[in-house]
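Accompanying notes for the structure given below.
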Amino acid sequence: MKVNITKTKDNLIEWIRNWFSLNGNDKTVAVLGISGGKDSTICAALLKEALGKDRVLGVLMPNGTQADIHDSEELVEFLGIKHVTINIEKAYMGLTEEIIDKMIDSDLTPQYKTNTPARLRMTTLYAVGAMLGNTRICNTGNLSEAYIGYTTLYGDFAGDFSLLSKLTKTEVVELGIELGLPLHLVQKEPGDGMSGKTDEDNLGFTYAELDDYIRNGVKGPNFEAINKKILQQSFKRKMLNIPAFTNIVSE
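Counting along the sequence shown from 1, when you hit position 177 you're at 173 in this note's numbering, and nothing is skipped either side.
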């Protein structure tokens, strides 16, 4: 399957407008986290196209120091959208210290270090939304990550509506190019922000190979590893049940 990106982009923008019309009003603001990665970059651009820059709020959420925070700052300036930076370090450290204090002889696991900040960020987005009122929170996840469960439940997996959850990583990049976004943001290698490794390093296979299987059923050289992820994480896919754009046009 080859997606017609131009027509799909137009359908996405129309879907956003219709969804906000049904689930808000002409003043409802879309709130989303701006990580500096391609998914949030493209979601922010789509929301601006659909709603206008004054109805989009980007929230930058470093945990202490974020090495690539400049990418997030560049994006919000490029789009001209409103934004706020909220550092979650104190919340993360306070929670972590309390947990360590109460759970004697327990070391912090890699899962804790990765997932807890993601869940605190989603809490932050909903807190910002609650403070402003009349907001809707955007889920920025894509199909490739959801397909193999490379997501955090109640973290980046949450939101009020989803724009990219039916589009693969490959298609998300094409969408960013179609939207005229800076290529170094659209084609940026996704990483975990902690180990210095890319997602593909951690997974053991490329998104290109995964996407070829998702769209065309092609079983590449790392299919065994891909299939293992699909089977182990299938419960997560069943839990992603929020309103999502689905009107994808194929060529």
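Just so it is clear, CB atoms sit at the ideal spot from N, CA and C, and this is done for glycine as well.
Proximal residues to residue i (C-beta, below 6 Å), its chain only, five neighbours per side dropped
i: V52; result: A26, L43, K44, I77
i: N59; result: I84, E85, Y88, P113
i: A46; result: I9, I12, R13
i: H79; result: G54, V72
i: F16; result: T24
Assigned exposure category for residue i - 16 Cβ within 10 Å defines buried
i: V214; result: exposed
i: R13; result: exposed
i: K34; result: buried
i: S246; result: exposed
i: N135; result: buried
i: P186; result: buried
i: G159; result: Note that residue 159 is Leu in the sequence shown here, rather than Gly. The residue is buried, with at least 16 neighbouring Cβ atoms inside 10 Å.
i: I144; result: buried
i: T164; result: buried
i: K193; result: exposed
i: K5; result: buried
i: L199; result: buried
i: D101; result: exposed
Continuous beta strand (DSSP E) stretch holding residue i: start and end
i: Q56; result: For the sequence presented, residue 56 should be read as Leu rather than Gln. Start and end: 52 to 56.
i: L28; result: 25 to 29
i: N135; result: 131 to 135
i: T81; result: 78 to 81
CA nearest to the CA of residue i, picked from the options
i: N212; options: M235, T166, L177, Q229; result: T166
i: T147; options: R115, T119, I173, A126; result: R115
i: S36; options: I82, V169, G200; result: V169
i: L121; options: I96, I82, D101, L179; result: I82
i: L206; options: F157, V(-1), E141; result: E141
Delimiting residues of the alpha helix (DSSP H) encompassing residue i
i: P71; result: In the sequence on display, residue 71 carries Leu and not Pro. From DSSP, the alpha helix (DSSP H) with L71 extends over 65 to 75.
i: T92; result: 85 to 98
i: N14; result: 1 to 18
i: Q228; result: 219 to 228
i: T37; result: 34 to 47
For residue i, three-class secondary structure by DSSP
i: A240; result: strand
i: S161; result: coil
i: T248; result: Nothing can be reported for residue 248, as the shown portion of the chain is limited to -3 through 247.
i: T61; result: coil
i: V214; result: coil
i: T194; result: strand
i: V245; result: coil
i: Q183; result: coil
i: P178; result: coil
i: S102; result: coil
i: L171; result: helix
i: D22; result: coil
i: Y150; result: coil
i: G145; result: coil
i: K(-2); result: coil
i: T119; result: helix
i: G155; result: coil
Cβ shell of residue i (< 7 Å), same chain only, five flanking positions each side left out
i: A40; result: L28, I30, V52, G54, L71, L75, I77
i: N111; result: T148, G151
i: D64; result: G32
i: E196; result: T202, Y203
i: I226; result: Y143, I144
i: G155; result: I133, C134, N135, I238
i: T2; result: E174
i: G172; result: K34, T37, I38, V182
Cut-off 8 Å between Cβ atoms - residues of its own chain near residue i, not counting five sequence neighbours on either side
i: Y209; result: K215, G216, F219, I222
i: N130; result: G20, N21, K23, T24, V25
i: K162; result: L139, A240, F241, T242, I244
Chain B contact for residue i (CB, 9 Å cutoff)
i: T2; result: In the structure shown, chain B does not exist; there is a single protein chain.
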